[in-house]
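Residue numbers (our numbering), protein chains in the order written: chain Y, 1 to 282; chain A, 283 to 542; chain E, 543 to 875. Where a beta carbon is used, it is the ideal one built from N, C-alpha and C, also for glycine. Let me begin by presenting the structure, written as structure tokens, before commenting on it.
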């Protein structure tokens, strides 16, 4: 009796191991990506021939870092259309941490596997890329991408060692990014002090213009596209800030601000170069 | 034997005492005009008789039994209240509205029978609005709607018919028709109690007049007697003059402001 | 009669909605899947794509559209009778605003992204809490009159909307988008568990409302007249409004905000079947079901890249309809 049970357990373990191996051996060949960040990472990890669906935002130059890299033949969606998704028979659907649980349940009931990309902080970017790499059977590429990201950030740390940290306001009118946001981490790595955190703000929250004015930031970071800079110059109160008058405004391209991917290194670099030009040899 | 009566009835509304001990009795076939100045409590009395307002003190007895002991449906079959305010949704047809008067007899689920249909027919015929049966209420004049409300009350086939200013929106022709209908109901044994503002009308029609002032009965009896009494002049704050007219069974009344 | 025509039309519309969608399915495949799932034929191998699209995605969605549309239409008809107001609609008692608040809370607290069914449950809880609050407040001021209910409902709606806005403003943008899609109304992502909830709550409640058709009619004569005809006005009204709230809360929890259905269906059907509840209520259910099934079909087929919001489609149809209907009635008056 006991012999049989032990053999049964061994058998079960063997089957489990085998199934895991088999899963690793057959990486998904048809990947549907339902958010822009995943689009961008997947393009680096698996190229575009294994992609069966991406988001419409991938073609938007104000948001996307992969414009022109996804062939027009691959369908785009703004928001998941279940029937089309089922029709494309993906092996893996990549979703974000904001995707609703009810939708995920529907994916499972439709016999579709999904992988959720979660990046709660800047430090988590590399781990998330690695996880995604495992899920799509591109561990090597993921490792390289993550390593590149890590290298670029530690290069920044090296260059900016000992630099004076200016007080920087991230201004997405009327919102700013306080503590516990990825933008906070980015600002810190870019050699800045996040003004919003200093003002006690946590998370993505609105900031009254008066408080921004009273805090008198050294620099202001805005999105390049759209009229953020012009709006600041025209703002009756904020236009009087020293930072605005002296042109200490960093305009970051929208595609570095729209998603959380390996491109966050570019976001940090863009800001760092503006704040500390002396640390970057021409 | 009275069909409905009150004894020392005290009723309050909104915290204020409106009726301060009203006592009178009504027999089957009676035609009572309930008159009095504004805010005397006439509407309140009607609603108390219908069982819509509770008695703070005293009682209302319907066929010998106090109202609170009456089962809701049975009470609705015995007493019908027709008010001059029509709150009803205008989308119903006249026939549908009148047919709802059979609700106390059939309840929420039982279908209407031929007897019910006949009662509705009779009510429409008595009020003379048969031709309007298929018209929607919102397309009718105020007077026609009033007749439809009356027809609903008749369709209930009650033993007591309470009317709050039934002639309010009616032209003179319809007014005469209305009171004729009430007389026909009386002839069938229905006790009719109507609040009437027009004293001339009330005097012409009623078999008995009850004068209410400040929540109490200050006059009761034949209309001529009630209006001739000092209480009537006091209650309305006017001088009431009765003029006998040859050929008319009852006097014509005129009113003048009291001399200072 | 018009009622029979509607009753015949609904199954046709539903089957039509099964057959149409953003992906073309072979008609034979559809018949195969339906027949085999309904147990009409012995199990046989089915094309998995067709089966999944039809049985997992489309069929539950169409059934939900029918139940949500039918439920909201019946509620509209009932509220119009109870409040004696032709523009009374399900949003009156604070149900929709309460549901929205519940939904926003679920999203903001991250429950909607981690726990299955958390969003509809929270929306339902919010809806019921709002209604209970409305009734309790209206009663605390004395027996709840229609006027009191109306005003309290408006107040609680405004309050819930205000709190919702405050929460949204402090929520990060991706989560706000989730709420936005929910508020705009839609049935994408809903599946059989949602259907079960609707069958359990909407259908029996709607049936009960139809059963109490005659007291409803008497109630619409006016409180005093209804009482004198032997109807327990407050109890009846409480029961009717409770059922109406249950249906609206469930429908909103499942599909978000789907306006105008409760206005269009009864309004369009009154000229055809009359105003008596025993015809108008079932007719409204059928009419509302047909309307929303078609609207949902449009929502999922008109645009290649996303499902259009269901609530916007019913509003886009409803608003012009009302303008036309209003002009017609003004001219007649």
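Exercise for the section: Measure the Cβ-Cβ separation of residue 501 of chain A and residue 508 of chain A and say whether it is below 9 Å. Expected result: yes
Practice task
Give the C-beta separation of residue 415 of chain A and residue 463 of chain A to the nearest angstrom, bearing in mind that I take them to be a contact with Cβ-Cβ under 8 Å.
Solution key: Incorrect: roughly 17 Å between the Cβ atoms, too far for contact.
Exercise for the section: Mark residue 629 of chain E as exposed unless 16 or more other C-beta atoms lie within 10 angstroms of its C-beta, in which case mark it buried. Expected result: exposed
Handout entry: residue 100 of chain Y, DSSP secondary structure in three states
Key = coil
Exercise for the section: Indicate whether the contact test is met: 3 or more Cβ pairs, each with one atom in the segment 767 to 781 of chain E and one in the segment 816 to 830 of chain E, closer than 8 Å. Expected result: no
Problem - 7 Å Cβ cut-off: residues of chain E touching residue 386 of chain A - result: 771, 772
Problem - Through-space distance from residue 841 of chain E to residue 712 of chain E, alpha-carbon basis - result: 30 Å
Exercise for the section: Spell out whether any CB of chain A is found under 9 Å from the CB atom of residue 756 of chain E. Expected result: yes
Problem - Close Cβ partners of residue 561 of chain E (< 8 Å) along its chain, the five nearest in sequence each way excluded - result: 567, 569, 572
Exercise for the section: Identify each residue in the segment 558 to 580 of chain E for which the Cβ-Cβ distance to at least one residue of chain Y is less than 7 Å, and report them in chain order. Expected result: 563, 564, 565
Practice task
For the segment 156 to 169 of chain Y and the segment 191 to 198 of chain Y, state whether three or more C-beta atom pairs, one from each stretch, are separated by less than 8 Å.
Solution key: yes
Problem - Validate contact between the segment 326 to 336 of chain A and the segment 253 to 272 of chain Y using beta carbons, cut 8 Å, 3 pairs - result: no
Exercise for the section: Determine, using beta carbons only, whether residue 622 of chain E comes closer than 9 Å to chain A. Expected result: yes
Exercise for the section: Taking all protein chains shown into account, decide if residue 22 of chain Y is buried (16 or more other Cβ within 10 angstroms of its Cβ) or exposed. Expected result: At residue 22 of chain Y the pLDDT is 45, less than 50, meaning the model places this residue with poor confidence; the figure from the coordinates comes in the next sentence. It counts as exposed.
Practice task
Drop a sphere of 10 angstroms on the beta-carbon of residue 795 of chain E, count the other beta-carbons inside from all chains shown, and report buried for 16 or more, exposed for fewer.
Solution key: buried
Exercise for the section: Taking residue 725 of chain E as the reference, give the member of E:709, E:798, E:832 with the closest Cα. Expected result: E:798
Practice task
Could you check how far apart the C-beta atoms of residue 106 of chain Y and residue 731 of chain E are, in whole angstroms? I think they sit under 8 Å.
Solution key: 5 Å
Practice task
Alpha carbon to alpha carbon, how far is residue 522 of chain A from residue 541 of chain A? Give it in angstroms, no decimals.
Solution key: 12 Å
Problem - Minimum Cβ-Cβ distance from residue 56 of chain Y to chain E less than 9 Å - result: yes
Exercise for the section: Run down chain A in chain order and give the residues with a C-beta less than 9 Å from the C-beta of residue 764 of chain E. Expected result: 365, 367, 368, 369, 370, 371
Problem - Beta-carbon proximity list for residue 439 of chain A, same chain, < 7 Å, skipping 5 on both sides - result: 401
Exercise for the section: Determine the chain A residues that contact residue 818 of chain E at a beta-carbon separation under 7 Å, and present them in chain order. Expected result: 378
Handout entry: Sub-9 Å separation of residue 787 of chain E and residue 703 of chain E beta-carbons
Key = no
Problem - Among Y:109, Y:114, Y:98, Y:113, nearest to residue 656 of chain E - alpha-carbon criterion - result: Y:98
Problem - Cβ-based contacts, 8 Å cut-off: residues of the segment 90 to 124 of chain Y near chain E - result: 96, 97, 98, 99, 100, 101, 102, 103, 104, 105, 106, 109, 110, 111
Handout entry: Length of the line joining the Cα atoms of residue 258 of chain Y and residue 742 of chain E
Key = 43 Å
Practice task
Taking only beta-carbon positions, decide if residue 329 of chain A is within less than 9 Å of chain E.
Solution key: yes
Exercise for the section: Drop a sphere of 10 angstroms on the beta-carbon of residue 472 of chain A, count the other beta-carbons inside from all chains shown, and report buried for 16 or more, exposed for fewer. Expected result: buried
Handout entry: 9 Å Cβ cut-off: residues of chain E touching residue 374 of chain A
Key = 759, 762, 763, 816, 817, 818
Exercise for the section: Compare the C-beta of residue 848 of chain E with all C-beta atoms of chain Y and state if any pair is closer than 9 Å. Expected result: yes
Practice task
Would you list, in chain order, the members of the segment 704 to 717 of chain E that have their beta-carbon closer than 7 Å to a beta-carbon of chain A?
Solution key: none
Problem - Own chain, CB closer than 6 Å to residue 553 of chain E, minus 5 neighbours either side, in chain order - result: none
Practice task
Indicate whether residue 804 of chain E and residue 621 of chain E have their beta-carbon atoms separated by less than 9 Å.
Solution key: yes
Practice task
In angstroms with no decimal places, state the Cα-to-Cα distance between residue 837 of chain E and residue 852 of chain E.
Solution key: 7 Å
Exercise for the section: Return the Cβ separation of residue 720 of chain E and residue 100 of chain Y in integer angstroms, given the expectation that the two are a contact with Cβ distance under 8 Å. Expected result: 6 Å
Handout entry: Rounded separation between residue 135 of chain Y and residue 855 of chain E - CA only
Key = 39 Å
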